[in-house]
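Sequential numbering of the sequence shown, starting at 4, is according to this note's numbering.
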Amino acid sequence: MKRKEFLQGIGLAGIGTLISKGPMNAEILKEGGPLPPNCTLIPTETAGPFPLDLSENATFFRQDVREDRTGIQLNVKLRIIGANNCEPMPNARVNIWHCDKDGLYSGYSQQNNQGQAGLTYLRGYQMTDANGEVEFTTIFPGWYTGRICHIHFQVYVSSVYAAISQLTFPIETKNALYADNAALYTKGADPLNYTQDNIFSDGYAYQLATLTQNAETGGYDTFLEVTVQGSGVTGLANLEPETGGQFKLGQNFPNPYNTQTTVPFNLTNKSDVQLEIWDLSGKRLAALSETDLPPGDHRIEVDLKSLGLQTATYVYQLQVSNQYGAFRQCKVMTAQGN
């Protein structure tokens, strides 16, 4: 299985959307600043002036998006919940992208963003785990004229619905970070407040992330709970057209798991199947295959120890091949204790 085909399996290659607008301790993050009100839809915002499409490039399936960019380490955690029931939404695809410490975006060269075409820094995507959470390692962004410091994010709940928004940070804490690291952030304090920013001037309560120091990394942690359309726990995954009506992929159980777990699925027609295990940096680690399976309910038992893998959070992809073609879908198996 090629990496590009894996990305097609998680619905990020050629996806069509209707746009409706190291590890961290969640308890510590909650203490670092006000959390947004619970279970209110995240405001819809523009994708930004540099919305490089992540869907066609295998480079971007990763947790660490820094590449060669220098700056203070920022651990980002987003928790995605469904507006219908305020429960976590697993298996959603989350993209983030932002400027570097000097206010430049990768992927484009324009008058105010010269020399960045073909570069890929500070962009990436992950899939939410059983807690509805994704984590990224990046640098704290700088700012540029006309915009307050911010991070863009996009949540693909399914291939027929995605939400785009942005997050920002407490002004005093952010400017203290810039001041304490003036040798890196040479532009100094961010001159704008929320009301002066053309995105957050109409409100920012649901987009204000926490920002707390991390003694272990010497950097900062940030956290935001994001509410999108749909219901938690199951989300809209069953609506995915990527399966071509040939199968239904269930959530592994138990989930979270320890060393063993079971992946259930249902076949519409006689098919060959392959279950692949991928790590969160987009590397395929293992594959289990079965041939000539009849229509109906099936299970694949996964023993991480026998596969030579550590207990961790992985993405699992089921590929179903039959006379009608090859079809793929992915979900996340969450390690116990994560």
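Each residue gets a CB set at the ideal place from its N, CA and C atoms; glycine is no exception.
Only residues of its own chain outside the window of five on either side were considered, and among them Thr140 have a CB closer than 6 angstroms to the CB of aspartate 67, listed in chain order.
DSSP, reduced to helix, strand and coil, places serine 292 within a strand of the structure shown. If you draw a straight line from the Cα of phenylalanine 172 to the Cα of alanine 315, it comes to about 30 angstroms.
By the Cβ criterion, the segment 152-159 is in contact with the segment 87-99, since at least three pairs of Cβ atoms, one from each stretch, lie closer than 8 angstroms.
In this chain, the beta strand (DSSP E) harbouring threonine 140 covers 136-142. At a Cβ-Cβ threshold of 7 angstroms, threonine 131 and serine 109 do not count as neighbours. Of the candidates Gly285, Tyr260 and Gly149, Gly149 places its Cα closest to the Cα of serine 204.
For a cut-off of 8 angstroms, the C-beta gap from threonine 43 to serine 168 is around 12 angstroms, too long to register as a contact.
When rounded, the separation of the alpha-carbon atoms in aspartate 71 and asparagine 272 is 48 angstroms. For glycine 311, same chain residues with a beta-carbon under 7 angstroms away, outside a window of 5 residues either side, do not exist. The C-alpha of glutamate 219 is placed about 30 angstroms away from the C-alpha of tyrosine 197.
Under the 10 Å beta carbon count, aspartate 295 is surrounded by fewer than 16 other beta carbons and is classified as exposed. The beta carbon of leucine 195 is closer than 6 angstroms to those of Ile151 in its chain, skipping five residues each way along the sequence. DSSP, read as helix, strand or coil, puts asparagine 184 in coil.
As the crow flies, the alpha-carbon of leucine 270 is around 20 angstroms from that of valine 335. A direct Cα-to-Cα measurement between glycine 248 and lysine 308 gives close to 33 angstroms. Our two residues, valine 163 and phenylalanine 250, have alpha carbons roughly 18 angstroms apart in a direct line.
Taken atom to atom, the span from the alpha-carbon of leucine 125 to that of leucine 107 is near 10 angstroms. Comparing alpha carbon positions, the residue from Gly135, Val137, His153 and Asn134 closest to phenylalanine 143 is His153.
With fewer than 16 other Cβ atoms from the protein chains shown falling within 10 Å of its own Cβ, asparagine 261 counts as exposed. If the five residues before and after valine 137 are omitted, its C-beta is found closer than 6 angstroms to the C-beta atoms of Leu81, Val97, Gln129 and Thr131, all from its own chain and listed in chain order. If you ignore the 5 residues before and after threonine 176, its C-beta comes within less than 6 angstroms of the C-beta of Leu214, all in its own chain and listed in chain order. Residue state for alanine 315 is assigned as coil, using DSSP reduced to three classes.
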